Amino acid sequence: MSSRAKHVFFAVFGLMTLFVFYFYETAFLDSHSPVWQHVEPVKWLLLFHGVAGSVALLVAPFQFSARLRRRYPRLHRVLGRLYVAGAFVSAPLAVPVAIRLGPPSLVMAATIQSCGWLLTTAVALYAVRRGDIRQHQEWMTRSYPFAMVFVVARALLAVPAIRELGEPGFVSVVWGCIALACFVPSFVISWRAIFGRRSSAAMPAKAARAAA
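In the numbering used here, the protein residues as written are 118 to 329.
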């Protein structure tokens, strides 16, 4: 992905995140709201889950900046540790929160999302500890979409046509976002490898023709 494309992607996702936090999360500031009454039994689990997940969501975009990695490697490592810590705290807590709050049809969805986020983050951490930077970057690309499910699913649920479907629409959107998080990153990585290799191979051929 080019630098411009990354900037556009994260700008759009940033606006989506602000919308989701304003549209959904401000209700948590009112202890008398129905939303607060619903989550009150798991408020402490939800607090740690939400704060850790928010940290991971916010720091990850900076980790995809090649310029930041080159100029500020120490900052890149610090932000990376924050992301890993956020994922390792937030992901497991999603399961008991889903069990307590429901609906039951989303407990397995939360479990799969959590396991996917933990697994991809752990592999990315293992790769960088071994010094395999390329695999580290690829597995981080696979990790972040699992964190993005929280925002993307809620943004889609704000669409009136989807909201009118009720719980079936909610469940379908969540499962759809998790499915996309599972396979889209690998598709992007493979696309970049195939077409990037083709472009690199074409450059010497063009140079040879120009020299002739």
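Heads up, the beta-carbon is just placed ideally off N, CA and C, and yes, glycines get one too. These numbers were taken from a predicted model, which means no experiment stands behind them.
Assigned exposure category for residue i - 16 Cβ within 10 Å defines buried
| i | result |
| --- | --- |
| Leu-164 | exposed |
| Glu-404 | Missing from the structure shown is residue 404; the chain here goes from 118 to 329 and no further. |
| Ala-183 | exposed |
| Ala-272 | buried |
| Ala-128 | exposed |
| Val-268 | buried |
Among the options, the one whose alpha carbon lies nearest that of residue i
| i | options | result |
| --- | --- | --- |
| Ala-226 | Thr-238, Thr-237, Pro-213 | Pro-213 |
| Gly-167 | Phe-138, Arg-184, Pro-190, His-193 | Phe-138 |
| Ser-63 | Phe-205, Arg-188, His-193, Val-125 | Here the chain has residues from 118 to 329 only, and residue 63 is not among them. |
| Arg-121 | Ala-275, Val-245, Phe-181 | Phe-181 |
| Gly-197 | Val-224, Val-245, Pro-151 | Val-245 |
| Lys-160 | Arg-309, Gly-248, Ala-211 | Ala-211 |
| Thr-237 | Arg-247, Gly-248, His-124, Gln-252 | Gln-252 |
| Val-224 | Phe-312, Ser-148, Trp-308, Trp-292 | Trp-292 |
Test item: CB-CB of residue i and residue j under 9 Å
| i | j | result |
| --- | --- | --- |
| Ala-169 | Ser-231 | no |
| Phe-130 | Pro-178 | yes |
| Ser-260 | Ala-241 | yes |
| Trp-234 | Ala-264 | yes |
| Leu-199 | Ala-173 | yes |
| Ala-296 | Phe-140 | no |
| Leu-135 | Arg-217 | no |
| Val-301 | Pro-277 | no |
| Ile-279 | Val-290 | yes |
| Ser-228 | Ala-215 | With the sequence shown as reference, residue 228 is identified as Thr, and Ser is not the correct amino acid for it. Going by C-beta atoms, Thr-228 is nearer than 9 Å to Ala-215. |
| Leu-185 | Leu-175 | no |
For residue j and residue i, believed in contact at Cβ under 8 Å, the rounded distance
| i | j | result |
| --- | --- | --- |
| Ala-270 | Cys-299 | Ala-270 to Cys-299, Cβ: 14 Å. No contact. |
| Val-288 | Thr-258 | In fact, because the Cβ distance is near 27 Å, the residues do not count as touching under 8 Å. |
| Pro-220 | Glu-284 | 6 Å |
Closer than 8 Å: residue i CB and nearest the ligand NAP heavy atom
| i | result |
| --- | --- |
| Glu-281 | Among the components modelled here there is no ligand, and therefore nothing to report on the ligand NAP. |
Quiz item: In chain order, which alpha helix (DSSP H) runs of at least 4 residues are fully inside the stretch 120 to 191?
Solution: 120 to 141, 151 to 156, 160 to 180, 183 to 188
Quiz item: For the stretch 214 to 250, which segments carrying the alpha helix (DSSP H) assignment without a break, of at least 4 residues, lie completely within its bounds, in sequence order?
Solution: 224 to 246
Quiz item: Which residue spans inside the stretch 268 to 311 form an unbroken alpha helix (DSSP H) run of at least 4?
Solution: The stretch 268 to 311 contains these whole alpha helix (DSSP H) runs: 277 to 280.
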